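Here's the structure we're looking at; comments come further down.
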Amino acid sequence: MQAIVRACTAEGWPARVAAIIANRPDAEGLAFAQENGIPTAVIPSRGKTREDFDAELAAEIDRHQPDLVVLAGFMRILTPEFTGRYAGRLINIHPSLLPAFPGLQTHARALEAGCKIVGATVHFVTAELDHGPYVVQTALPVRDGDTPETLAERILPLEHIIYPRAVRWFVEDRLVIAEGRVTLTPRADGTSDSQDSQWLFGEDV
1 MQAIVRACTA
11 EGWPARVAAI
21 IANRPDAEGL
31 AFAQENGIPT
41 AVIPSRGKTR
51 EDFDAELAAE
61 IDRHQPDLVV
71 LAGFMRILTP
81 EFTGRYAGRL
91 INIHPSLLPA
101 FPGLQTHARA
111 LEAGCKIVGA
121 TVHFVTAELD
131 HGPYVVQTAL
141 PVRDGDTPET
151 LAERILPLEH
161 IIYPRAVRWF
171 VEDRLVIAEG
181 RVTLTPRADG
191 TSDSQDSQWL
201 FGEDV
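Residue numbering for the sequence shown follows full-length UniProt numbering, beginning at 1 and increasing consecutively.
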């Protein structure tokens with residue numbers, strides 16, 4: 001979340017972060033948001049059904065009228081009603097090369113499976129967990145002696161590159177979803193740069 005906020009400001013995106021919403025009052029992102037003048041809200045989830053919580057969350061989101069909803073460290077499974085409400089404008093990042101290893105403990109499962117390459121995926125969110133259309137992926141090779149912790153540490157800097165990149169493409173209206181695939185269109189002026197790639201390989205990160 002912090003990487004996205006900083007990129008939005010530093011790179012002069014045609015966008016602003018409307019609000020930061022958490023389900024825990026102690027979420028670290030809330031303090032960061034307040035320090036940067038971003039409105040915040042807390043919608044507690046404890047003791048509520050998934051449907052009731054998602055309805056409250058959606059009401060708070062809609063109050064800010066965002067064009068895009070970004071999940072960043074929000075570790076909850078969302079209801080089909082919620083994902084359908086924001087279809088095509090709800091994105092998440094997952095620490096694996098989807099469709100491999102959806103769900104939790106991705107790095108441990110990748111090592112157990114003997115994977116030689118691991119990574120992360122930014123994707124649109126659908127009702128099926130970690131299976132929405134992919135926006136951008138990043139990968140790096142597994143090293144001898146890697147653990148789930150070292151993989152997470154090495155992949156995180158790449159996540160901080162691809163997630164802001166995906167958000168920027170969305171706010172620039174450059175992402176097209178068709179038949180379950182995401183295409184990156186050229187900029188309005190027809191130019192492109194080195195960041196216009198839906199793949200990032202970080203061999204030495």
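By construction, the Cβ of each residue, glycine as well, lies at the ideal position given by its N, Cα and C atoms. Just so you know, these numbers come straight off a predicted model, no measurement behind them.
A direct Cα-Cα distance of roughly 11 Å separates Pro14 from Val167.
Looking only at Glu172, Ile161, Ala108, the smallest Cα-Cα distance to Leu151 is reached by Ala108.
Its chain contains Arg89, Phe170 as the residues whose beta carbon lies nearer than 6 Å to that of Leu68, once the 5 sequence neighbours on both sides are disregarded; these appear in chain order.
Secondary structure remark: continuous alpha helix (DSSP H) runs of at least 4 residues inside the stretch 98-122, in chain order: 106-112. Membership of Tyr163 in the alpha helix (DSSP H) is indicated by the continuous run 148-171.
The closest CA to that of Thr185, considering only Leu175, Glu159, Phe53, is found on Leu175. Within the stretch 52-89, complete beta strand (DSSP E) segments of at least 3 residues are not found at all. Boundaries around Gln34 are those of the alpha helix (DSSP H), 28-35, since no beta strand (DSSP E) includes it.
Secondary structure of Ile21 (DSSP, three-state): strand. Under the DSSP assignment, Arg181 falls in the beta strand (DSSP E) whose first and last residues are 181-184.
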